Amino acid sequence: MRKIDVHEVIDNARFSRFHWMVMCWCALLLIFDGYDLFIYGVVLPVLMKEWGMTPLQAGALGSYALFGMMFGALAFGSLADKIGRKKGIAICFALFSSATIVNGFASNPTEFGICRFLAGLGCGGLMPNAVALMNEYAPKKLRSTLVAIMFSGYSLGGMLSAGVGIYMLPRFGWEAMFFAAAVPLLLLPLILWFLPESVGFLLRQGRTAQARAILNRVDDSRALQADDVLEMSDTKGKGVAVLELFRDGRAVRTLSIWVAFFCCLLMVYALSSWLPKLMANAGYSLGSSLSFLLALNFGGMFGAIFGGWLGDRFNLPRVVAAFFVTAAVSISLLGFNSPTPLLYLLIFVAGATTIGTQILLYAGAAQLYGLSIRSTGLGWASGIGRNGAIVGPLLGGALLGINLPLQLNFMAFAVPGAVAALAMLVYSLSERRSQPASAPLLAAKA
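Heads up: the sequence shown begins at 1 in full-length UniProt numbering, then just goes up one per residue.
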């Protein structure tokens with residue numbers, strides 16, 4: 001009889017077909033999630049004209065989905081620690097896809113807002129659970145990179161939303177953008193079949209045979225036997241109450257990452273909701289304005305993958321802090337009259353350091369918390385961040401409503417980047433203080 005450390009098996013496994021499968025399915029889920037989230041910015045100029053909404057009303061309508069995301073992240077993050085990540089992901093996916101389809105039948109802002117809130121519940125719950133599942137199965141040396149590649153599906157979804165909008169809006173109207181959500185819903189049976197359950201959850205449930213079978217797929221060279229005892233240090237946490245996130249020296253880092261999430265999501269949703277409208281007001285056509293949204297999300301995908309690669313080689317919190325500084329500078333420069341190629345470059349950099357950094361924050365939060373509280377930690381960080389996401393569209397609507405110059409609009413969007421950079425520097429200092437005791441041990445092992 002052997003005693004097998006589950007963390008050691010997963011951390012040291014070679015990248016295999018199993019890891020590839022988990023990453024691809026989670027990325028596909030986030031493509032649909034991203035499509036659903038960015039769809040509002042795509043249809044916003046059309047809705048404002050059709051329903052005669054003021055900028056402030058449009059900003060409030062955009063925040064309904066984000067209210068839903070806040071509650072969804074808090075509720076489904078903790079729920080998945082109890083019912084399993086696979087079930088949590090499936091429930092969230094079915095909820096936001098169904099609500100998005102129904103959204104296409106909305107005939108007034110009230111009906112539209114209710115559907116967006118329900119879709120937001122599912123979107124908000126899916127993100128932290130998909131990140132937690134990918135983080136759990138990723139080999140240690142590739143963890144940030146794989147989470148970032150997986151989460152770049154979110155940016156691909158935003159690009160898909162803008163691309164579909166450029167083609168479908170002039171031909172079929174805004175409703176068709178929402179009816180398209182019927183396509184991913186057909187994949188739900190495949191998701192339930194192929195997506196693995198969390199091995200930590202299986203062990204907590206006493207389903208050791210299933211956990212052993214999954215670990216043999218994670219690393220087939222181990223050839224685990226039926227009499228092997230699987231050990232996992234944090235499968236039995238003290239509970240999943242939010243207070244667990246502040247224990248064991250995590251308080252400062254938990255608060256810092258909450259501030260960073262809030263500021264980052266404020267920038268992401270202020271830009272994704274209002275960039276097409278701001279550019280249309282600046283004299284660009286609707287097609288050109290949507291192409292800026294494409295550039296923003298393409299930058300987000302690049303920033304996530306490049307940032308994940310940097311995070312696996314350097315200190316991830318410091319990489320995130322540097323990205324936030326770059327975000328503040330690039331967004332500030334968007335309001336100035338620039339040649340078109342430079343404008344696209346600035347939008348690309350802004351996307352890389354806002355959408356991309358959001359993805360890196362999820363990777364950082366997943367690494368901060370132990371397995372038994374990971375979904376809870378990610379859910380709360382995401383839920384707190386959703387307050388920033390709610391503020392973003394409202395801030396954009398308020399700024400447009402008082403007719404500020406274009407430069408001041410973008411400068412206001414950039415301020416949270418500086419605040420988030422400071423929060424991540426505090427996180428990095430706290431992390432350094434919490435590690436001295438383990439440094440001699442690490443040196444001895446080396």
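No residue lacks a Cβ here, since even glycine has one placed at the ideal position from N, Cα and C.
On a predicted model such as this, the values are computed, not experimentally measured, just so you know.
Check, Outcome
"Apart from the five residues on each side of it in sequence, which residues of its chain come closer than 6 Å, Cβ to Cβ, to Y369?", "G377"
"Excluding the 5 residues flanking V102 on each side, which residues of the same chain have their C-beta closer than 7 Å to its C-beta?", "C115"
"What three-state label does DSSP hand I402 in the structure shown?", "coil"
"Given a cut-off of 8 Å on the beta-carbon distance, is the pair G401 and C263 in contact?", "no"
"Three Cβ pairs or more, each shorter than 8 Å: is that satisfied between the region 96-112 and the region 181-191?", "yes"
"Closer than 8 Å by C-beta to S428: which residues in its own chain qualify, once you throw out the five before and the five after it? Chain order, please.", "N315, P317, R318 and A321"
"Is E50 helix, strand or coil when you go by DSSP?", "helix"
"Looking at C-alpha atoms only, which residue of F298, G307 and R374 is the closest neighbour of G351?", "F298"
"Let me make sure I understand the geometry here. Which of L255, M279, T326 and L294 has the alpha-carbon closest to that of N409?", "M279"
"Using alpha carbons as the reference points, say which of V183, G173 and E136 lies closest to A106.", "G173"
"Would you list, in sequence order, the uninterrupted alpha helix (DSSP H) runs of no fewer than 4 residues that lie entirely inside the region 146-187?", "175-179 and 182-185"
"With a threshold of 8 Å, are at least 3 pairs of Cβ atoms found where one atom belongs to the region 68-77 and the other to the region 154-169?", "no"
"Assess, as a yes-or-no matter, whether the region 11-27 is touched by the region 121-139 under the definition of 3 or more beta carbon pairs within less than 8 Å.", "yes"
"Is there contact here, the region 36-44 with the region 176-186, by at least three beta-carbon pairs under 8 Å?", "yes"
"Assign R204 to buried or exposed, taking buried as 16 or more other Cβ atoms, counted over all protein chains shown, within 10 Å of its Cβ.", "buried"
"Let's test the definition: count the other Cβ atoms within 10 Å of the Cβ of W274 and tell me whether it reaches 16, buried, or not, exposed.", "buried"
"Grouping DSSP H, G and I as helix and E and B as strand, with all else coil, what is T235?", "For T235, the predicted structure reports a pLDDT of 48, less than 50, and the residue's modelled location is therefore unreliable. The matter cannot be settled from this model."
"Can you check whether the CB of F324 is closer than 8 Å to the CB of Y307?", "The residue asked about is misnamed: residue 307 is Gly in this sequence, not Tyr. Against a cut-off of 8 Å, the Cβ pair of F324 and G307 comes out as no contact."
"Which whole-angstrom value describes the C-beta separation of G311 and S144, a residue pair presumed to lie in contact below a C-beta threshold of 8 Å?", "4 Å"
"Does the count of Cβ pairs from the region 264-273 and the region 352-368 closer than 8 Å reach three?", "yes"
"By Cβ distance below 8 Å, which residues in the same chain neighbour V43 in space, the five residues on each side in sequence not counted?", "G165, L169, W174 and M177"
"Can you tell me whether K236 is buried or exposed, with buried defined as 16 or more other CB within 10 angstroms of its CB?", "Low confidence applies to K236: its pLDDT is 48, below 50, so where it sits in the model is not reliable, and the reading given next is rough at best. When all chains shown are included, K236 counts as exposed."
"With C-beta atoms as the reference, is A260 less than 8 Å away from A423?", "yes"
"Return the chain-ordered list of same chain residues with a C-beta closer than 7 Å to the C-beta of E113, the five sequence neighbours on each side being excluded.", "According to the sequence as given, residue 113 is Gly; it is not Glu. Same-chain partners within the cutoff: L61 and Y64."
"Determine the burial state of L442: buried for a count of at least 16 other Cβ atoms within 10 Å of its Cβ, exposed for fewer.", "Note that L442 scores 32 on pLDDT, short of 50, meaning its location in the model is unreliable and no value can be drawn from it."
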